[in-house]
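Basically this note's numbering = 1-based index in the sequence shown + 1.
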Amino acid sequence: MQEKSRPQEWLNGRNNTFLNPYAYLVLRKQRLAYLSGKSFCFFYDGVALIFILRLMRRRAERYSFDDTSLAPVVLKQCVAKGLSLGVVGSAPGIAAEAVRLLRMRYQDLQITMISDGFYPENIEDELLSRAFLCDVVVCSMGTPRQEDFLHKLREKGWRGTGFTCGGYLDQLVSARGGDYYPAWMNRLNLRWLYRIAQEPRRLIKRYAVIYPLGMAAFCHDILRRRISF
């Protein structure tokens, strides 16, 4: 497992994904090879895993592909370098609306490929071929499908930079291109609480049950050196 935390290297020609306790538990159960291999650069999204690492005297910072963290940095770099961007994920219509909002914000952003994440399996090769032509691909399909898409793209010999982005496209559309999180909640690292308030039926169980399990598994794996950080 490769951790990378140098902001100047975001367009690194690698696949980058972001771990919270839920994503860690899913990958641990279903895609352990991603965690133990060199397929991805991993970053820590949210306070839970960072808190654990700091208790163990390990340096860690929070990064996420959203407007409170990396999205503006990466997208501005794409504009500055003239790089093409592919956007894949979310429900039908969400990706297209997110792209419309991004083009309003970054007028010179070259978005050359758009697809929702609920495509039929028989067109995946076509989507991978289109994504292959992009310099940067942002993928929002939930763990582990978003990691799978980027991994398949890399296996085809793609040399661009990939990012998973969780719920970023949905958040962007929900906020109509504005700030999804209230400034004070972002400042106090209460983004998780705001998300629960917005999506209680989907997220209460995740935060109350799955997150503690993911945190326990994360601690266990560090102490047992099952994976390296």
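Even for Gly, the Cβ is constructed at its ideal location relative to N, Cα and C. Since the model is a prediction, treat every value here as computed from it, not as a measurement.
Determine whether the beta carbon atoms of Pro22 and Ala49 lie at a separation below 8 Å. yes
List the whole-angstrom C-beta distance separating Ala24 from Thr162, where the pair is believed to meet the contact cut-off of C-beta under 8 Å. At roughly 19 Å, the Cβ-Cβ gap does not stay under 8 Å, so Ala24 and Thr162 are not in contact.
What is the DSSP secondary structure of Gln108, counted as helix, strand or coil? coil
Please list, in chain order, all residues of the same chain as Ile115 whose beta carbon is under 7 Å from its beta carbon, the five residues on each side excluded. Val88, Ala96, Ala97 and Val100
Proximity of Leu12 and Leu214 at Cβ, strictly below 8 Å: no
Have a look at Asp171 and Ala198 and give me their C-alpha separation to the nearest angstrom. 15 Å
Take Asn231 and list the residues in its own chain whose beta-carbon comes closer than 7 Å to its own, dropping the five residues that flank it on each side. Past the boundaries of the shown model lies residue 231; the chain is included only from 2 to 230, so the question cannot be answered.
Going by Cα to Cα distance, which pick from Leu102, His152 and Leu54 is closest to Phe41? His152
Would the region 167-183 count as touching the region 131-143 if we require 3 or more Cβ pairs under 8 Å? yes
Tell me which residue opens and which closes the beta strand (DSSP E) that Val137 is part of. Val137 to Ser141
Should Asn17 go down as buried or exposed, given a rule of 16 or more other Cβ atoms within 10 Å for buried? buried
With 16 other Cβ atoms within 10 Å as the buried cut-off, status of Gly94: exposed
Quick one: give me the first and last residue of the beta strand (DSSP E) that Leu20 is part of. Asn16 to Leu20
Reduced DSSP secondary structure (H/G/I, E/B, other) of Cys79: helix
DSSP has Arg63 in a bridge; who is on the other side? Tyr45
Which same chain residues, not among the five before or five after Tyr195, have their C-beta less than 6 Å away from its C-beta? Tyr182 and Met186
Would the beta-carbon of Leu103 fall within 8 Å of that of Cys79? no
Report, in whole angstroms, the separation of the C-beta atoms of Leu129 and Lys157, which I expect to be a contact under 8 Å. 6 Å
Using the Cα positions of Arg226 and Thr165, report the straight-line distance between them to the nearest angstrom. 26 Å
Mind checking whether Ala92 and Asp117 have CB atoms under 8 Å apart? yes
Segment limits, alpha helix (DSSP H) that includes Leu1: Any question about residue 1 goes unanswered here, given that the chain covers just 2 to 230.
Quick check: the Cα distance between Thr113 and Gln147, rounded to an integer number of angstroms? 19 Å
When you compare each of Leu84, Arg188, His221 and Arg106 to Arg177 by their alpha carbons, which one comes out closest? Arg106
Unbroken stretches of the alpha helix (DSSP H), 4 residues or longer, contained in the region 117-204: 125-133, 146-156, 169-175, 184-188 and 192-199
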